[in-house]
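Q: In my numbering, the protein residues as written are 378 to 459.
By construction, the Cβ of each residue, glycine as well, lies at the ideal position given by its N, Cα and C atoms.
Here the structure is a predicted model, which means the values were calculated and not measured.
As structure tokens, then:
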């Protein structure tokens with residue numbers, strides 16, 4: 378899989394988690410056209426990057442424990458004072 382496709386997948390995962398609209402792990406995987414193990418691998422990698430992802434059994438959805446979002450892109454470097 379290309380890096381661009383993988384990053385796009387992470388953005389989709391982030392968007393659904395942010396809206397608390399993932400459903401169960403199986404439903405979440407189906408929404409993304411992934412097998413459950415591939416989804417779990419992505420979530421594991423996001424957690425390794427510091428994403429505070431948790432699952433609520435009552436709401437049957439993944440959510441962020443803190444107000445955070447995935448950012449993929451480029452930013453201008455800050456200029457240090459001389």
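For residue 426, which residues from the same chain have a beta carbon less than 7 Å from its beta carbon, with the 5 sequence-adjacent residues on both sides left out?
A: On the chain shown, position 49 is the one that residue 426 refers to. Cβ neighbours of residue 426 beyond the five flanking positions: none.
Q: Identify the residues that DSSP records as bridge partners of residue 439: which are they?
A: Taking the chain shown and counting its residues from 1, the one referred to as residue 439 is at position 62. Its beta-bridge partners are 432.
Q: Which residues in the same chain as residue 406 place their Cβ atom closer than 8 Å to its Cβ, once the five residues preceding and following it in sequence are excluded?
A: Counting from 1 along the chain shown, the entry for residue 406 is found at position 29. The residues are 412, 413, 415, 416.
Q: Kindly indicate the opening and closing residues of the alpha helix (DSSP H) around residue 446.
A: Position 69 of the chain shown, counted from the first residue, corresponds to residue 446. Per DSSP, residue 446 belongs to no alpha helix (DSSP H) and is neither H nor E.
Q: So the candidates are 399, 397, 422; which of them puts its Cα closest to the Cα of residue 384?
A: Here the question's residue 384 lines up with position 7 in the chain shown. Closest by C-alpha distance to residue 384, out of 399, 397, 422, is 422.
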